[in-house]
Amino acid sequence: MSNIPHEPEFEQAYKELASTLENSTLFQKNPEYRKALQVASIPERVVQFRVVWEDDKGELQVNRGYRVQFNSALGPYKGGLRFHPSVNLSILKFLGFEQIFKNALTGLNMGGGKGGADFDPKGKSDNEIRRFCVAFMTELCKHIGADTDVPAGDIGVSGREVGYMFGQYKKIRNQWEGVLTGKGGSWGGSLIRPEATGYGLVYYVQHMIKYASGGKESFAGKRVAISGSGNVAQYAALKVIELGGTVVSLSDSKGSLVLQGEGSFTPEEIALIAQLKVERKQLSSIANTDAFKNKFKYLEGERPWLHVGKVDVALPSATQNEVSGEEAKGLIAAGCKFIAEGSNMGCTQEAIDIFEAHREANKGGDAIWYAPGKAANAGGVAVSGLEMAQNSARLSWTAEEVDEKLKGIMESCFHNGLETAKEYVTPAEGVLPSLVAGSNIAGFKKVAAAMKEHGDWW
Ligand code: NDP
Ligand code: 8G0
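The sequence shown begins at 0 in numbering that gives the first Met the number 0 and counts up by one.
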């Protein structure tokens, strides 16, 4: 690429994908795909706008709003909206870029996009959040639609915000349509959508464990370190517990809660944390209560990875670049065998390189296996795709039906990555296939082929 503006997160995501394609036989077999990558790395369209709203004191506030419409080869642009003070074009471009290939891996007809605003929901009243959502959608509604671009939540945007935005879309466009996913259950939302990313992540890791152990092991008895305490982390933790595993950590942007001694986070403790997060509070506010202080250590300003003791599985589920190279080494030293990203780009490139090297270094003993977010966390957007399908058909499936479809999609995400890696990266004897390379190649090939048939490149 030439003349790239300074977009560190986007460059990181681009290089991670491009390097795995370069190091495979893909470009030898299909040299013309280099052109496709060049074209696909520029968004089809980026919408940027101002969002002016009034705070509770009656004062004017202004934020930056965005929607990156990255690729529509496989379907309408699809991807979440993030409200966080760190939001900028580099972050949304990296998220939109990842989304293209992730959505391809789900096997559903969705293109890739991402949006959001540099608005900080923390410290805002419910009324301020509602006014912000209304102001944000007043502009965004001109650029989206059920067959054009279908946003959803992400960090800082939950069902409550999706509701306010849906209402404003409907008022202005005078159309009730499946323009957003993650809607409320009584007005078009799919059952299992709130659970889908966390559950899907654990379903995916079940396949990793089963494959790596030759069918002998499962989550039962495994110690699992999780970061984050939002939507993805909460439901990943609940599913791990349901499957007989032990959850030893959760965290937020201010610090980590780490289990001391035996036991696990319980569903009741996770429910308490979920309520806290609805109120936009920090884990620090419960760390010193009787219910938590004897069982968990609160580590202010720390991520959990170097404090969790012996673990088998690590599930980064908070935000990008939340596992450093040092932390990757620490996790390996602590016995961690499976790392799967609930968050997007949860691992730094240094961490990925270390995990991937150990996949090859440990030929004789237990290998370490890393799953990238674009495969492991695809369950969320997959169920969003199922929500779109239900809205179009004007019907709703039961929780069991959606959960079964989610399990099937996660299984095929896993096997697609695995088999594609075997096909395009010659594996050394006894070495686990690279799920990063396989997932990137599988997602990219599908998108590149559709783009070619549309005349997007030739
Ligand atoms: P939530 O807003 O529900 O939770 C985010 C969690 O991560 C909170 O615990 C938050 O802490 C923490 N966090 C956010 N930003 C930072 C930061 N800069 N540093 C440290 N901690 C941070 O978001 P989700 O659970 O929905 O999203 C988590 C990750 O999963 C994101 O990377 C998202 O893109 C990804 N993802 C989400 C999907 C979904 O369906 N929701 C689907 C696929 C991926 P605090 O409470 O202190 O802000
Ligand atoms: O449902 C969605 O479109 C969605 C929402 C939040 C995150 C993601 C993702 O895949 O990263 C998708």
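Just so you know, even glycine gets a beta-carbon here, dropped at the ideal spot from N, CA and C. Because the structure is a prediction, the values reported are computed rather than measured.
Per DSSP, cross-strand counterpart(s) of residue i
{"i": "F48", "result": "G64"}
{"i": "Y297", "result": "L256"}
{"i": "F291", "result": "Looking at the DSSP assignment, F291 forms no beta bridge with any residue, so it has no partner."}
{"i": "I225", "result": "L314"}
{"i": "L282", "result": "Answer is none; L282 lacks a bridge partner."}
{"i": "F82", "result": "A116"}
{"i": "L249", "result": "L256"}
{"i": "N70", "result": "G111"}
{"i": "I128", "result": "DSSP output for I128 lists no bridge partner at all."}
{"i": "F26", "result": "For F26, which the question treats as bridged, DSSP gives no partner whatsoever."}
{"i": "A145", "result": "None; A145 has no bridge partner."}
{"i": "D153", "result": "V156"}
{"i": "C346", "result": "V322"}
{"i": "K238", "result": "None; K238 has no bridge partner."}
{"i": "K77", "result": "V149"}
{"i": "A356", "result": "None; A356 has no bridge partner."}
{"i": "L394", "result": "L394 is not bridged to any residue."}
{"i": "A339", "result": "A370"}
{"i": "E53", "result": "L59"}
Exposure label - residue i; buried when at least 16 CB within 10 Å
{"i": "K182", "result": "buried"}
{"i": "W457", "result": "exposed"}
{"i": "G363", "result": "Because G363 carries a pLDDT of 47, less than 50, the predicted location of this residue cannot be relied on, and the following value inherits that uncertainty. Looking at its Cβ environment, which holds fewer than 16 other Cβ atoms inside 10 Å, G363 is exposed."}
{"i": "H453", "result": "exposed"}
{"i": "D311", "result": "buried"}
{"i": "V61", "result": "exposed"}
{"i": "W186", "result": "exposed"}
{"i": "T19", "result": "buried"}
{"i": "P4", "result": "exposed"}
{"i": "S124", "result": "exposed"}
{"i": "W175", "result": "exposed"}
{"i": "S433", "result": "buried"}
{"i": "S226", "result": "buried"}
{"i": "P7", "result": "exposed"}
{"i": "K444", "result": "buried"}
{"i": "L59", "result": "exposed"}
{"i": "T137", "result": "buried"}
{"i": "R358", "result": "buried"}
{"i": "R33", "result": "exposed"}
{"i": "G229", "result": "buried"}
{"i": "P266", "result": "exposed"}
{"i": "G220", "result": "exposed"}
{"i": "G262", "result": "exposed"}
{"i": "P426", "result": "exposed"}
{"i": "K56", "result": "exposed"}
{"i": "S71", "result": "buried"}
{"i": "D153", "result": "buried"}
8 Å Cβ cutoff met for residue i and residue j
{"i": "N87", "j": "D117", "result": "yes"}
{"i": "A151", "j": "T180", "result": "yes"}
{"i": "G407", "j": "Y198", "result": "no"}
{"i": "L314", "j": "A332", "result": "no"}
{"i": "S391", "j": "G177", "result": "yes"}
{"i": "G188", "j": "F82", "result": "no"}
{"i": "A449", "j": "L104", "result": "no"}
{"i": "V223", "j": "T245", "result": "yes"}
{"i": "K113", "j": "G79", "result": "yes"}
{"i": "L256", "j": "A398", "result": "no"}
{"i": "Q259", "j": "K309", "result": "no"}
{"i": "V435", "j": "Y369", "result": "yes"}
{"i": "G74", "j": "G110", "result": "yes"}
{"i": "L431", "j": "A366", "result": "yes"}
{"i": "Q389", "j": "S395", "result": "yes"}
{"i": "E15", "j": "R130", "result": "no"}
{"i": "I208", "j": "L237", "result": "no"}
{"i": "Y76", "j": "D148", "result": "yes"}
{"i": "Y234", "j": "E278", "result": "no"}
{"i": "S438", "j": "A374", "result": "yes"}
{"i": "L242", "j": "F264", "result": "no"}
Three or more beta-carbon pairs under 8 Å between the stretch 41 to 48 and the stretch 344 to 360, yes or no? no
Three or more C-beta pairs closer than 8 Å, one from the stretch 19 to 28 and one from the stretch 46 to 58: is that the case here? no
Pairing CB atoms from the stretch 202 to 209 with CB atoms from the stretch 315 to 333, are three or more of them under 8 Å? no
Touch test, the stretch 414 to 421 against the stretch 138 to 145, Cβ-Cβ under 8 Å, three pairs minimum: Output reads no: the stretch 138 to 145 does not touch the stretch 414 to 421.
Touching or not, the stretch 326 to 345 and the stretch 91 to 101, by the rule of three or more beta carbon pairs under 8 Å? yes
Would you check if there are 3 or more beta carbon pairs closer than 8 Å linking the stretch 280 to 299 to the stretch 251 to 261? Because the criterion of three Cβ pairs below 8 Å is met, the stretch 280 to 299 and the stretch 251 to 261 touch.
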